[in-house]
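Residue numbers (this note's numbering): 1 to 161.
For every residue, glycine included, the Cβ atom is placed at its ideal position computed from N, Cα and C.
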Amino acid sequence: MVTTAAGLSDEELARIEGDFGFEFADDHRAFLSSGLPVGDSWPDWRCAPRRSLHQRLRLPVDGILFAVEWRDFWGYGWGVRPARMKDALRSANYHLARVPQLVPLHANHYLPAGRGTSGHPVLSIYQTDVSCCAADIFDYINPDPSRVSTPTVPFWSDLIG
Numbered sequence: 001m002v003t004t005a006a007g008l009s010d011e012e013l014a015r016i017e018g019d020f021g022f023e024f025a026d027d028h029r030a031f032l033s034s035g036l037p038v039g040d041s042w043p044d045w046r047c048a049p050r051r052s053l054h055q056r057l058r059l060p061v062d063g064i065l066f067a068v069e070w071r072d073f074w075g076y077g078w079g080v081r082p083a084r085m086k087d088a089l090r091s092a093n094y095h096l097a098r099v100p101q102l103v104p105l106h107a108n109h110y111l112p113a114g115r116g117t118s119g120h121p122v123l124s125i126y127q128t129d130v131s132c133c134a135a136d137i138f139d140y141i142n143p144d145p146s147r148v149s150t151p152t153v154p155f156w157s158d159l160i161g
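In structure tokens form, the structure reads like this:
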């Protein structure tokens, strides 16, 4: 059972988006407005320390950078990997700054940011290990095994395997 607090107000959502430089997808916004899940690895958008939320927002990109440095990962479409690690990390950072921002939903499960968007699958992300764990946020909350997840997020969907 998930414990929920009062949903986030429009003002709270706008403050979070302004503080962290992203916009929630429409379905994620509606979910958080209807009730804020608390505890058990849910991000506490209302009360968690700013640093903690920032780290959770950075985890997907930091995981990719870890894989670049320690597991010889190199993104499709990034061109030739530089020989020096310092240059490879700089180039990876450049490319990762241009991929869709992911926003934590619960634990290591993420949705893409983006006002005016909805219906994206929930992605489970650990470094370069990416999978669809639900067809969308509503399927995540009320799982329906008959629903099929269709990857929709550039770069991140390429890592599903």
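- Along the segment 73 to 98, the alpha helix (DSSP H) occurs as fully enclosed runs of 4 or more residues at 85 to 96, listed in sequence order.
- The segment 108 to 116 makes contact with the segment 17 to 36: 3 or more CB pairs, one atom from each, lie closer than 8 Å.
- In this model, R56 and K86 are separated by some 24 Å (Cα to Cα).
- Three or more beta-carbon pairs drawn from the segment 103 to 110 and the segment 123 to 142 are found closer than 8 Å, and the two stretches are therefore classed as touching.
- A contact is defined here as three or more CB-CB pairs under 8 Å, and the segment 49 to 66 fails this definition with respect to the segment 137 to 147.
- In this structure, the CA atom of A14 is about 12 Å from the CA atom of S33.
- If you look at S124, you'll find it isn't in any alpha helix (DSSP H); it sits in the beta strand (DSSP E) that goes V122 to Y126.
- Straight-line spacing of the CA atoms in P154 and G75 works out to 12 Å.
- Each of D40, E11 and C132 was checked against the Cα of G161, and the nearest Cα belongs to C132.
- In terms of Cβ geometry, L36 and A5 form a close pair [threshold 8 Å].
- The Cβ-Cβ distance between A97 and L65 does not fall below 8 Å.
- Shown here for P43: same chain residues with a beta carbon closer than 7 Å to its own, the five before and five after excluded, namely L53, R56 and P104 in chain order.
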